[in-house]
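Enquirer: In our numbering, the protein residues as written are 46 to 288.
To start, I am sharing the structure in question, which I have written as structure tokens.
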């Protein structure tokens, strides 16, 4: 039994990855590098994939260390720095190499994305009763919007907020404050649904937003306010409309 009733909820905010959109396999850091490198046509500029991977990791680490906590940076910036760190690459070639890496990475990423049937079926019914939004950490500009469109669920959402556009990633306050503004509701009228325990469940509460943890694998079975699938979400939210 959840700790609150589905009363006076006007807007539902969803995390995107592993909530609305899933990946066929959960990638590790080497996978992300491999998706950019392998088949990109730029392999000749590095001695091996291992060298590319290590440089990729160093570029990410540099951003994480030098920027303020939770300040977002995008994939293009990462690849620009990665290329800059390779002193064998002529400046005249940098833009074309970056373009190829970004294209290859994104094509590999989207080819592994899909939306579960339960999500496809529940979203249109929720959209008839609530304002729906997406609040997601993502490093590819317009990437979340594209994933929603490719998977044919974009029309159910009134707005999309991403860290790459906002400039800050969850759990920074700025991204939640933008979500509250775009919800056209008081915080108490907003419900946040996502799979990340801190970003989607704990932090929203600090701003007066109600939250439900999407706990598909029962990692937090001790939590009251959790669901394991979208059908449970639908049953809970729409019960008051069916009485």
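Don't be surprised by glycine CBs; every beta carbon is placed ideally from N, CA and C.
As the structure is a prediction and not an experimental result, all values here were calculated from the model.
Let me know if residue 114 comes out buried or exposed under the rule of 16 or more other beta-carbons within 10 Å of its beta-carbon.
Expert: Working through the chain shown from its first residue, we reach residue 114 at position 69. Residue 114 comes out exposed.
Enquirer: Do the stretch 156-171 and the stretch 211-224 make contact, defined as three or more Cβ pairs closer than 8 Å?
Expert: Flag = no, the stretch 156-171 and the stretch 211-224 do not touch.
Enquirer: Please determine if the stretch 111-126 and the stretch 180-189 are in contact, where contact requires at least 3 C-beta pairs separated by less than 8 Å.
Expert: Yes: at least three Cβ pairs fall under 8 Å.
Enquirer: Alpha helix (DSSP H) containing residue 180: first to last residue?
Expert: The residue labelled residue 180 in the question sits at position 135 within the chain shown. That residue, residue 180, is in no alpha helix (DSSP H); its beta strand (DSSP E) goes 176-181.
Enquirer: In the DSSP assignment, find the alpha helix (DSSP H) that holds residue 110 and state where it starts and stops.
Expert: If you number the chain shown from 1, residue 110 lands on position 65. Here the alpha helix (DSSP H) through residue 110 covers 94-111.
Enquirer: Here's the rule: buried if 16 or more other CB atoms are within 10 angstroms of the residue's CB, otherwise exposed. What is residue 110?
Expert: Position 65 of the chain shown, counted from the start, is the residue given in the question as residue 110. It counts as exposed.
Enquirer: Pop quiz: residue 155 and residue 192 are said to be a contact at Cβ under 8 Å. What is the actual Cβ separation, rounded to whole angstroms?
Expert: Within the chain shown, residue 155 is the residue found at index 110, counting from 1. Within the chain shown, residue 192 is the residue found at index 147, counting from 1. Correct: roughly 7 Å between the Cβ atoms.
Enquirer: Quickly, what does DSSP pair residue 59 with across the bridge? List them, please.
Expert: To locate residue 59, count along the chain shown from 1; it is residue 14. BP columns for residue 59 point to 179, 238.
Enquirer: Below 8 Å on the Cβ atoms is my contact criterion, and I expect residue 198 with residue 168 to pass it. Report the Cβ-Cβ distance as a whole number of Å.
Expert: Here residue 198 refers to the residue found at position 153 of the chain shown. Here residue 168 refers to the residue found at position 123 of the chain shown. Right, the Cβ-Cβ distance comes to about 6 Å (below 8 Å), so this counts as a contact.
Enquirer: Is any heavy atom of the ligand COA found at a distance shorter than 7 Å from the C-beta of residue 96?
Expert: Of ligands this structure carries none, so the ligand COA is not represented either.
Enquirer: Could you check whether the stretch 246-255 touches the stretch 64-79, counting it as contact only if at least three pairs of C-beta atoms, one from each stretch, sit closer than 8 Å?
Expert: The stretch 246-255 is not in contact with the stretch 64-79.
Enquirer: In or out: residue 92 buried (at least 16 other Cβ within 10 Å) or exposed?
Expert: By 1-based counting over the chain shown, the position of residue 92 is 47. Exposed.
Enquirer: Which residue from 112, 119, 243, 58 puts its Cα closest to that of residue 180?
Expert: On the chain shown, residue 180 is found 135 positions in, with the first residue counted as 1. Cα-wise, what sits closest to residue 180 is 58.
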